[in-house]
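J.:
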């Protein structure tokens, strides 16, 4: 990305995916974002940190990605009351919720019209900001009542349906406000943050040595991707290079995570289409994968398998062979099940043209990951920035154009087949050697980045170390942040009973988004 | 009208009440087997109903008496329906009071009250479910009436026992009009009993529900009665279908106790086969988009009309 028209110098950041940082002077943030957007960049993350103790006010960071890699814009917002920064959402619509969340946590607001809270749900007083360093929680605080102003649609026959955060099934909490005429959805508005756990604050009480455990629990279904992104961030701060075998073992775990989640999703999408048979079959296959994980890693979801510097435990040749065998068998069964899904008229009728996200919309909203690949946006970190071991694995870049539920199902089937192949290749070509490099000395205040293609999309992690191996600030960022608003658009014009199917075809994280 | 006729009438209603939850359990079991899952216990529906009867009911503070009365009305309507559908014997004193058209009316009565109760509370889901239920109902009822009219044309009577008597005494052959009516009836039954492809009785997705959405506010004894009534409805529909299209094994009079005794295992066997067929249809189908329901039920209506035309033109 070239910021020379604005005269902004950039400095390289140590990172697996090429990354630069650009210090943006006050008042130039929106111009810098617009320049980046014109060069094809999309928003990855936006977060703020309280640096008043270092005399830098509140540090706002905007991470962007394009074909060159990551760019982190840094804007120091002075510590005045009512200090504001330019509205990034006017360039990147996905920034809107991140800006609102940044205000709720650090107290600096963007110059945007929408100043409703996002993360704040009356769990703490509205004039306190948890990520400020002088924040102290009090047990005397009573949870209050929040009156969130949903946008209403007026008109003859328009009425409202409120769903959640408590649902009839056992799923994560989220509120969906529909404005409908009959069965047709005119508008959908999401309200998230019910799963806010204070993860970012909790990181500040941990150290670089034990932070991977929390990072691996930001969103349980993506624990491997998060742990790897965290490990990358720590390694770039400490200057540690994990040994080759560790990287291959990480890739194996990441692909197994992708396999397990795609299997689960394909079953649930079929079930939401009314085909319970699909759920039973795919759940059985997913269970096999999880049990093999338990045998190999001691944990069904492979939590804590990845640690900074390498991996926690090695796999012996027998286990690797068993995984290769299992992949072969599952690939055969999945091919049969794909035939059933593809040839089932009733199911295809539900999938086709349902919840469509056009390529133009996907680009405009900056959709990422699996959902983007179903709308013809061909981003995949494993191909785009093929670091070891991806550079010797020839990952297949899966793209479908239709952008509907059928396309998201097709992307999952294709990626599943490729991941099953990758597991076989990885287990056969696994290099020998150490599995963990010794920890290095962290450089205080250096920004460490992690960027890993999880099953849902790229998981981002930004880390700043404090003195003596402490964590000064950690911001794990789920691809769901930018994809959640897309569901609002994808649902417009569809009928109410199709929403669960559309939602499931994205299957975004609540926990990873709410933090 | 004899004492034994009353006895057989009573036995039939008691049997319907007792067997209906078993039929639901059996269908669920078949569905599980067909999807390679281990099945829930056959008697689970009984246990659920018992459990619900033992709980304390929670009623919304703004509920009107309609909400409280509905479970009893719905349950009562289904018991009345069970009394006029000849499942064991065709000598039913109660059937003199109500014919096939009244039967459709009984189902409609239950539907109207359950929809009213759903709207009574004023939740979004109740209204949503009620709206969809009436949408399905207004399409399904004419088709059901047409099927019954076809059968009435054959027997020259709208009284169900008379129809079954006539059908049971014909030569064993395939009658095109009945074959068409049978397909139409199957489609209507799927829609009326909230089964796939119109509704999904097993779903937890509140936005897609039809029948279940109307019951979300019910608990304890109210819910138990409605669940039992739903089971009875499925049982009644199955018995109507079996009586019209597979009428063998139904006892003729009420004096032949041996015939009635034989008709019980015959009925159970037929229901088991019917339940399996239902599970098979449900396993192989996906749920239709709700606006495909008119096409589905329109086809059922068309088939029922064709059945009647075939009967009028060909005389069989």
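Residue numbers (my numbering), protein chains in the order written: chain A, 1 to 515; chain B, 1001 to 1316. Glycine included, every Cβ here is placed at the ideal spot set by N, Cα and C. Note that the structure is predicted; figures quoted are calculated from it, not measured.
1. Using C-beta distances below 8 angstroms, list every residue in its chain close to residue 511 (chain A), excluding the 5 sequence neighbours before and after it, in chain order.
2. Just the chain A side, please: which residues come within less than 9 angstroms of residue 1283 (chain B) by C-beta, in chain order?
3. Measure the Cβ-Cβ separation of residue 1242 (chain B) and residue 1274 (chain B) and say whether it is below 8 angstroms.
4. Expressed to the nearest angstrom, what Euclidean distance is found between the alpha-carbon atoms of residue 455 (chain A) and residue 1131 (chain B)?
5. Evaluate contact between the stretch 252–266 of chain A and the stretch 477–495 of chain A, counting only Cβ atoms and requiring at least three cross-stretch pairs below 8 angstroms.
6. Given a threshold of 16 other Cβ atoms within 10 Å of its Cβ, counted over all protein chains shown, does residue 178 (chain A) qualify as buried or as exposed?
7. Where does residue 278 (chain A) sit, in a helix, a strand or coil, going by DSSP?
8. Mind checking which residues open and close the alpha helix (DSSP H) that includes residue 201 (chain A)?
9. Taking only beta carbons into account, state which residues of the stretch 1187–1208 of chain B come closer than 7 angstroms to chain A, listed in chain order.
10. Name the DSSP bridge partner or partners of residue 46 (chain A)?
11. Using the Cβ count rule (16 or more neighbours within 10 Å means buried), how would you classify residue 241 (chain A)?
12. What does the alpha-carbon distance come out to for the pair residue 150 (chain A) and residue 113 (chain A)?
13. Please report the residue range of the alpha helix (DSSP H) in which residue 1129 (chain B) lies.
14. So, at 6 angstroms on beta carbons, what are the nonlocal neighbours of residue 1188 (chain B) in its own chain, with the 5 sequence-adjacent residues on each side left out?
15. Could you tell me which of B:1257, B:1251, B:1104 sits nearest to residue 1267 (chain B), measuring between CA atoms?
16. Distance, Cα to Cα, residue 243 (chain A) vs residue 433 (chain A)?
17. Just list the residues that DSSP pairs residue 179 (chain A) with in beta bridges.
18. DSSP puts residue 475 (chain A) in a beta bridge; with which residues?
19. Looking at residue 10 (chain A): is its Cβ nearer than 8 angstroms to the Cβ of residue 22 (chain A)?
20. Cβ closer than 7 angstroms: which chain A residues qualify as neighbours of residue 1130 (chain B)?
21. Once the 5 residues before and after residue 275 (chain A) are set aside, which same chain residues still bring their CB inside 6 angstroms of it?
22. Under 7 angstroms: does the beta carbon of residue 37 (chain A) sit that close to some heavy atom of the ligand SAM?
23. Taking buried to mean at least 16 other C-beta atoms within 10 Å of its own C-beta, is residue 1071 (chain B) buried or exposed?
24. Taking all protein chains shown into account, decide if residue 152 (chain A) is buried (16 or more other Cβ within 10 angstroms of its Cβ) or exposed.
25. How many angstroms separate the CA atom of residue 228 (chain A) from the CA atom of residue 49 (chain A)?
26. What does residue 162 (chain A) touch in chain B if you count any residue whose Cβ is under 7 angstroms from its own?
27. Checking 8 angstroms against the spacing of the C-beta atoms, do residue 309 (chain A) and residue 437 (chain A) come in under that value?
28. Which stretch, first to last residue, makes up the beta strand (DSSP E) that contains residue 11 (chain A)?
29. Once you ignore the five residues that flank residue 282 (chain A) on each side, which residues in its own chain have a CB closer than 6 angstroms to its CB?
30. Could you check which residue in B:1222, B:1191, B:1230 has the C-alpha nearest to that of residue 1297 (chain B)?
31. Would you kindly work out how many angstroms separate the C-alpha atoms of residue 3 (chain A) and residue 382 (chain A), rounded to a whole number?
32. So the candidates are A:487, A:484, A:449; which of them puts its Cα closest to the Cα of residue 65 (chain A)?
33. Determine the chain A residues that contact residue 1290 (chain B) at a beta-carbon separation under 8 angstroms, and present them in chain order.
34. Would you mind reading off the limits of the beta strand (DSSP E) that contains residue 71 (chain A)?
35. Does the beta-carbon of residue 303 (chain A) have 16 or more other beta-carbons within 10 angstroms, so that it is buried, or is it exposed?
36. Please name the residue, chosen from A:96, A:187, A:251, A:192, that lies closest to residue 386 (chain A) on a Cα-to-Cα basis.
T.: With the structure as the only source:
1. The residue given as residue 511 (chain A) occupies position 511 in the first chain. Exclusion of the five residues before and after residue 511 (chain A) leaves 172, 195, 197, 218, 219, 220 as the residues of its chain whose Cβ lies within less than 8 angstroms of its Cβ.
2. For the purposes of this step, residue 1283 (chain B) is identified with residue 283 of the second chain, where counting begins at 1. Chain A residues near residue 1283 (chain B): 275, 276, 277.
3. Your numbering for residue 1242 (chain B) matches position 242 in the second chain. Your numbering for residue 1274 (chain B) matches position 274 in the second chain. Cβ distance < 8 angstroms, so residue 1242 (chain B) and residue 1274 (chain B) count as in contact.
4. In the first chain, residue 455 (chain A) corresponds to position 455, counting from 1. In the second chain, residue 1131 (chain B) corresponds to position 131, counting from 1. Looking at the two C-alpha atoms, the distance is approximately 39 angstroms.
5. Contact between the stretch 252–266 of chain A and the stretch 477–495 of chain A is absent, with fewer than three C-beta pairs closer than 8 angstroms.
6. Residue mapping note: residue 178 (chain A) aligns to position 178 of the first chain, counting from 1. Its Cβ being crowded by 16 or more others within 10 Å, residue 178 (chain A) is buried.
7. Walking along the first chain from the start, residue 278 (chain A) turns up at place 278. Residue 278 (chain A): helix per DSSP, three-state reduction.
8. As a working mapping, residue 201 (chain A) is identified with position 201 in the first chain. Taken as a continuous stretch (DSSP letters only), the alpha helix (DSSP H) holding residue 201 (chain A) covers 199–203.
9. The residues in question are 1196, 1197, 1200, 1202, 1204, 1205, 1206, 1207, 1208.
10. As a first step, residue 46 (chain A) is located in the first chain; it is residue number 46 there, counting from the start. Residue 46 (chain A) pairs with A:62.
11. In the first chain, residue 241 (chain A) corresponds to position 241, counting from 1. Taking all protein chains in view, the Cβ of residue 241 (chain A) is surrounded by fewer than 16 other Cβ atoms within 10 Å, so the residue is classified as exposed.
12. As a working note, residue 150 (chain A) is residue 150 in the first chain. As a working note, residue 113 (chain A) is residue 113 in the first chain. About 14 angstroms.
13. Residue mapping note: residue 1129 (chain B) aligns to position 129 of the second chain, counting from 1. Where residue 1129 (chain B) is concerned, the enclosing alpha helix (DSSP H) stretches over 1124–1155.
14. In the second chain, the residue the question calls residue 1188 (chain B) occupies position 188. If we look at residue 1188 (chain B) and ignore the five residues flanking it on each side, its Cβ neighbours are 1140, 1143, 1144, 1300.
15. Taking the first residue of the second chain as position 1, residue 1267 (chain B) is located at position 267. Here the closest residue by C-alpha is B:1251.
16. The residue given as residue 243 (chain A) occupies position 243 in the first chain. The residue given as residue 433 (chain A) occupies position 433 in the first chain. Residue 243 (chain A) and residue 433 (chain A): Cα-Cα distance of roughly 7 angstroms.
17. Here residue 179 (chain A) is taken as the residue at index 179 of the first chain, counted from 1. Paired residues: A:160, A:187.
18. Locating residue 475 (chain A) in the first chain gives position 475, counting from the first residue. Answer is A:462.
19. As a position in the first chain, residue 10 (chain A) is number 10, starting the count at 1. As a position in the first chain, residue 22 (chain A) is number 22, starting the count at 1. The answer is yes: Cβ separation under 8 angstroms.
20. Counted from its first residue, the second chain places residue 1130 (chain B) at position 130. Within chain A, no residue comes near residue 1130 (chain B); the closest Cβ sits about 13 angstroms away, beyond 7 angstroms.
21. In the first chain, residue 275 (chain A) corresponds to position 275, counting from 1. Same-chain partners within the cutoff: 347.
22. The ligand SAM is not among the ligands present in this structure, which contains no ligands whatsoever.
23. Counting from one through the second chain, the residue named residue 1071 (chain B) turns up at place 71. So residue 1071 (chain B) ends up on the buried side.
24. Counting from one through the first chain, the residue named residue 152 (chain A) turns up at place 152. With a threshold of 16 other beta carbon atoms within 10 Å, residue 152 (chain A) falls short and is exposed.
25. Along the first chain, one-based indexing puts residue 228 (chain A) at 228. Along the first chain, one-based indexing puts residue 49 (chain A) at 49. C-alpha separation (whole angstroms): 23 angstroms.
26. Position 162 of the first chain holds residue 162 (chain A). Within chain B, the residues near residue 162 (chain A) are 1124.
27. Sequence index remark: in the first chain, residue 309 (chain A) carries index 309 (1-based). Sequence index remark: in the first chain, residue 437 (chain A) carries index 437 (1-based). Between residue 309 (chain A) and residue 437 (chain A), the C-beta gap is smaller than 8 angstroms, which places the two residues in contact.
28. Position 11 of the first chain, counted from the first residue, corresponds to residue 11 (chain A). 10–13 is the span of the beta strand (DSSP E), which, as asked, contains residue 11 (chain A).
29. Taking the first residue of the first chain as position 1, residue 282 (chain A) is located at position 282. Cβ neighbours of residue 282 (chain A) beyond the five flanking positions: 263, 266, 267.
30. In the second chain, residue 1297 (chain B) corresponds to position 297, counting from 1. The candidate whose alpha carbon is nearest that of residue 1297 (chain B) is B:1191.
31. Start at 1 with the first residue of the first chain, and residue 3 (chain A) comes out as number 3. Start at 1 with the first residue of the first chain, and residue 382 (chain A) comes out as number 382. Answer to the nearest angstrom: the Cα atoms are 26 angstroms apart.
32. The count along the first chain starts at 1 and reaches residue 65 (chain A) at position 65. Cα-wise, what sits closest to residue 65 (chain A) is A:449.
33. Mapped onto the second chain, residue 1290 (chain B) falls at position 290. What residue 1290 (chain B) touches in chain A: 183, 495, 497.
34. The residue you call residue 71 (chain A) lines up with position 71 of the first chain. 69–77 is the span of the beta strand (DSSP E), which, as asked, contains residue 71 (chain A).
35. Position 303 of the first chain, counting from 1, holds the residue named residue 303 (chain A). With 16 or more other Cβ atoms within 10 Å, it is buried.
36. Start at 1 with the first residue of the first chain, and residue 386 (chain A) comes out as number 386. Shortest Cα-Cα distance from residue 386 (chain A) to any of A:96, A:187, A:251, A:192 involves A:251.
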